[in-house]
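According to my numbering, the stretch in the sequence shown is residues 275 to 425, in order.
Note sheet for the following structure.
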Amino acid sequence: MSTLTGRVTIDAPIEQVFLYMDDPRNQAVITPALSSVEPISILENGGKRASYRYAMGPIGLTGEVVATTYIPNQAITFELHGDLSGTIDWEFEQVDDTQTRVTYSATYELPGPFSWPLCSLLTGPGIRRYNRRQLVATLTELKKQIEMSAD
């Protein structure tokens with residue numbers, strides 16, 4: 275399993291940030307390698323279930339996310355099912371009335387041969403660098419999208 279964590283402070287109230295992230299389709303807007311996200315259903319806890327299509331370099335990955343934790347204006351945890359397995363945690367913290375700190379943590383297992391020890395040893399550093407760039411780009415785009423909509 276690999277874990278990535280990043281944080282960004284957004285110039286917008288927590289309610290606005292959470293509302294944006296509550297729409298699964300916005301994940302595809304902010305995540306460069308995520309080509310599509312389609313809502314499937316709203317769960318009893320208020321969270322969402324959605325399908326996704328993700329590209330890791332030339333490799334296409336598909337599956338579903340299910341919000342196992344859904345606390346408005348605080349946290350959303352998605353379980354990943356399909357080609358990728360793991361969890362994505364979004365945490366929202368009010369800095370003040372006009373700022374929100376967002377923390378993104380992903381713990382995931384790479385599919386098939388990428389999880390094999392020798393392949394992991396050879397490709398792991400490159401994949402980790404790729405995923406780190408994706409994380410930075412995602413948080414940067416999240417900040418941009420929300421702050422643009424606040425203008």
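For every residue, glycine included, the Cβ atom is placed at its ideal position computed from N, Cα and C.
Alpha-carbon spacing of residue 276 relative to residue 402, whole angstroms: Numbered from its first residue, the sequence shown carries residue 276 at position 2. Numbered from its first residue, the sequence shown carries residue 402 at position 128. Their Cα atoms are separated by approximately 8 Å.
Contacting residues, own chain, Cβ-Cβ under 6 Å from residue 287 (five flanking each side not counted): Translated into the one-based positions of the sequence shown, residue 287 becomes position 13. The answer is none, since no qualifying residue turns up.
Segment contact, 8 Å Cβ cut-off, at least three pairs: the region 362–378 with the region 340–351: yes
Integer-rounded CB distance, given that residue 408 should sit under 8 Å from residue 443: Outside the shown range of the chain, which is 275 to 425, sits residue 443, and nothing can be said about it.
Where residue 393 sits in the DSSP three-state scheme: As a position in the sequence shown, residue 393 is number 119, starting the count at 1. Confidence at residue 393 is low in this model, with a pLDDT of 45, below 50, so the placement of that residue is unreliable and no value is reported for it.
Coarse secondary structure for residue 286, derived from DSSP in three states: The sequence position of residue 286 within the sequence shown is 12, counting from 1. Coil, per DSSP.
Contact check, residue 307 vs residue 328, beta carbons under 7 Å: For the purposes of this step, residue 307 is taken as residue 33 along the sequence shown, with counting starting at 1. For the purposes of this step, residue 328 is taken as residue 54 along the sequence shown, with counting starting at 1. Taking 7 Å as the Cβ cut-off, residue 307 and residue 328 qualify as a contacting pair.
Integer Cβ distance of residue 281 from residue 376, believed to fall under 8 Å: Along the sequence shown, read from residue 1 onward, the residue named residue 281 stands at position 7. Along the sequence shown, read from residue 1 onward, the residue named residue 376 stands at position 102. Indeed they touch by this definition, with Cβ atoms about 7 Å apart.
In DSSP terms, what residue 414 is bridged to: In the sequence shown, counting from the first residue as 1, residue 414 sits at position 140. Note: residue 414 sits in no beta bridge, so no partner.
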